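If you're matching positions, the sequence shown starts at 23 in this note's numbering and goes up one per residue. Reviewing the structure listed below.
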Amino acid sequence: GTCNCTVVISDTPVGSPVIRSPRAVLAMNLPSLEKFEPDIRSGGLLLINSSLIDRGAERDDLTVIEVPANEMATELGNPRGANMVALGAYLGATDAVSLEEIEKVIRETFAAKPAVIDVNIEALHKGYELGAVAKDNVAEA
23 GTCNCTVVIS
33 DTPVGSPVIR
43 SPRAVLAMNL
53 PSLEKFEPDI
63 RSGGLLLINS
73 SLIDRGAERD
83 DLTVIEVPAN
93 EMATELGNPR
103 GANMVALGAY
113 LGATDAVSLE
123 EIEKVIRETF
133 AAKPAVIDVN
143 IEALHKGYEL
153 GAVAKDNVAE
163 A
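Rendered as structure tokens:
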């Protein structure tokens, strides 16, 4: 099966963390893309890790952003940072949460591992830049 995580971002209390039709999916591998693409609500965002997925979306009612997350992380010397690149791209495309808030969480989470902090924040920023450019391109289309 696929490994997945559901995150609900809200300014109001969350009644249930179970999501049937997500607004966004970050597909890090092909099995995840195949499993979750059909569930995204129309008009939603599909972020595809093009380092590991060699096809685009099958649906035409989604905003699709292809991010070479593994390649970007490896180029930064942080091959395990693909998830941070993908998260950054999502934030750049949606502004769902500020970069500053995520940086704060990274600093708190990895306080005991200072070497991990900077490489993860760098990966986050690289992804953010890509997501922000993609958002601007969608807005201009």
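All residues carry an ideal CB built from backbone N, CA and C; glycine is no exception. As the structure is a computational prediction, the values presented were derived from the model and not from experiment.
Q: Could you name the residues of the same chain whose beta carbon sits closer than 6 Å to that of alanine 134, not counting the 5 residues immediately before and after it, in chain order?
A: For the purposes of this step, residue 134 is identified with residue 112 of the sequence shown, where counting begins at 1. For alanine 134, where only same-chain residues beyond five positions count, there are no Cβ hits under 6 Å.
Q: Please check the pair asparagine 165 and isoleucine 87, which I expect to be a contact at CB under 8 Å, by giving their CB distance rounded to whole angstroms.
A: Given that the chain is displayed from residue 23 to residue 163, the structure contains no residue 165 and the question cannot be resolved.
Q.
Assuming contact is defined by CB atoms lying nearer than 7 Å, are asparagine 92 and alanine 79 in contact in what I supplied?
A. The sequence position of residue 92 within the sequence shown is 70, counting from 1. The sequence position of residue 79 within the sequence shown is 57, counting from 1. In this structure, alanine 79 does not lie closer than 7 Å to asparagine 92 by Cβ.
(Q) Using a 10 Å radius around the Cβ and a threshold of 16 neighbouring Cβ atoms, would you call serine 54 buried or exposed? (A) By 1-based counting over the sequence shown, the position of residue 54 is 32. Per the 10 Å Cβ criterion, buried.
Q. If you scan the region 105-138 from start to end, which runs of the beta strand (DSSP E) of 3 or more residues do you find wholly inside it?
A. none
Q. Quick one: complete beta strand (DSSP E) runs, 3+ long, within the region 58-103?
A. 67-71 and 85-89
Q: Name the residue from Asn100, Val138, Val89 and Gly99 whose alpha carbon lies nearest to the alpha carbon of leucine 113.
A: Position 91 of the sequence shown, counted from the start, is the residue given in the question as residue 113. Nearest of Asn100, Val138, Val89 and Gly99 to leucine 113, Cα basis: Val89.
Q: Starting from the C-beta of arginine 81, find all residues in its chain whose C-beta is less than 7 Å away, skip the five residues before and the five after it, and write them out in chain order.
A: Looking up residue 81 in the sequence shown gives position 59. For arginine 81, where only same-chain residues beyond five positions count, the Cβ hits under 7 Å are Glu59.
Q. If glycine 149 sits next to valine 119, beta carbons under 8 Å apart, how far is it from one beta carbon to the other, in whole angstroms?
A. Within the sequence shown, the letter at position 127 stands for residue 149. Within the sequence shown, the letter at position 97 stands for residue 119. Not quite, the Cβ-Cβ distance comes to about 13 Å (not below 8 Å), so this is no contact.
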